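Structure, as structure tokens:
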DNA sequence: TCCATCCATTCAATAAGCTGAATATATTGT
DNA sequence: ACAATATATTCAGCTTATTGAATGGATGGA
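Protein chains in written order, with the working numbering: chain A, 109 to 235; chain B, 109 to 235.
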């Protein structure tokens with residue numbers, strides 16, 4: 109019999125509405141905590157708690173830029189799973205969040221045309 | 109903000125190694141409890157407990173035939189999720205289990221060439 | 001340096017999930 | 001009717017997850 113332990117751990121990390129909501133945001137582009145806070149309407153500490161769990165599960169990674177910390181999906185399986193769960197991710201659009209001070213939202217930058225901030229390969233080609 | 113409650117419930121049902129193992133068996137064809145018991149090497153009562161949870165989550169359905177109860181996957185999303193989690197399901201093969209008294213295993217019937225027992229549409233086209 | 005902002009961490013109370021054990025139900029054959 | 005077989009259910013003890021609250025740490029601007 110195979111091991112389903114690792115797969116179950118992946119499912120467990122996704123088995124939470126707020127964590128799913130976070131990943132559904134992150135599959136469009138990387139985002140800072142304040143952006144998730146504004147988008148999801150949840151307290152900052154709570155968002156951070158869920159981000160920690162996602163990080164411990166190896167689903168996301170982060171980088172620090174000034175005061176902001178940007179998170180993105182680092183496990184390619186998440187994209188496929190979200191496609192089944194939520195349908196395909198919308199492409200394009202401004203994707204702004206009111207009250208979020210991050211450069212993405214301040215400039216209302218389109219998700220596709222970002223030369224400065226897009227440095228991680230989000231091309232769904234990871235494993 | 110969308111509801112991720114139903115999707116999270118689906119993930120929660122999958123967030124268990126034995127339940128994943130059960131579904132990985134069922135995605136090949138329907139199976140009785142004794143077949144799962146023999147295949148997974150788990151106690152019967154334990155298998156039944158997990159089957160109950162999968163049924164309550166709406167992922168599987170069952171039919172009774174004599175003393176046996178056959179289970180199959182009734183939520184089409186499960187196939188897509190298992191494809192991402194475990195890779196594509198193997199096709200063909202005898203798929204017998206030692207010690208299982210069900211007709212499938214007694215006759216060592218191939219998963220594809222079953223005229224008598226295959227009555228449910230397992231064509232992944234639901235939902 | 002001081003303050004405001006953005007994020008992370010710890011703690012505690014409650015809720016939920018896990019699983020072994022025991023037992024119940026239903027069906028078939030003798 | 002009785003026994004054997006296949007499956008379902010309930011219960012209890014234990015572990016784990018959830019979430020609000022409070023607080024800590026780091027960064028940048030004045």
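Beta carbons are placed, not taken as given, at the ideal position from N, Cα and C, and that holds for glycine.
The structure presented is a predicted model; accordingly, all values stated were derived computationally and were not measured.
Residue 125/B reaches chain A at 112, 113 and 116, counting residues in chain order whose Cβ is nearer than 7 Å. Pairwise C-beta distances place the region 118-128 of chain B in contact with the region 162-180 of chain B, as three or more of them are shorter than 8 Å. Chain A has no Cβ within less than 9 Å of the Cβ of residue 167/B.
Contact between the region 140-153 of chain B and the region 198-214 of chain B is present: three or more C-beta pairs spanning the two stretches fall below 8 Å.
Annotated three-state conformation of residue 177/A is strand, per DSSP.
Nearest to residue 180/B by alpha-carbon distance, out of 168/B, 190/B and 188/B, is 168/B. Counting along the chain, residue 148/A sits inside the alpha helix (DSSP H) bounded by residues 141-148. Annotated as distal: residue 192/B and residue 134/A, with beta-carbon spacing of 9 Å or more. Between residue 136/A and residue 197/A the beta-carbon gap is near 6 Å, inside 8 Å, which marks them as a contact.
Identification of residues in the region 157-186 of chain A having a C-beta nearer than 7 Å to some C-beta of chain B yields 185, given in sequence order.
For residue 169/A, the three-state secondary structure derived from DSSP is strand. Here the alpha carbons of residue 140/A and residue 171/A stand approximately 9 Å from one another. The alpha-carbon of residue 116/A is positioned some 14 Å away from that of residue 116/B. Neighbourhood of residue 122/A in chain B, by CB distance below 7 Å: 119, in chain order. Residue 154/B counts as exposed, since fewer than 16 other C-beta atoms from the protein chains shown sit within 10 angstroms of its C-beta. Chain-ordered listing is empty here: chain B has no CB closer than 7 Å to the CB of residue 134/A, the nearest sitting near 13 Å. The three-state secondary structure of residue 120/B, taken from DSSP, is helix. No Cβ-Cβ contact shorter than 9 Å links residue 194/B with residue 187/A. The C-beta distance from residue 118/B to residue 175/B rounds to 31 Å, too long to fall under 8 Å, and the pair is not in contact.
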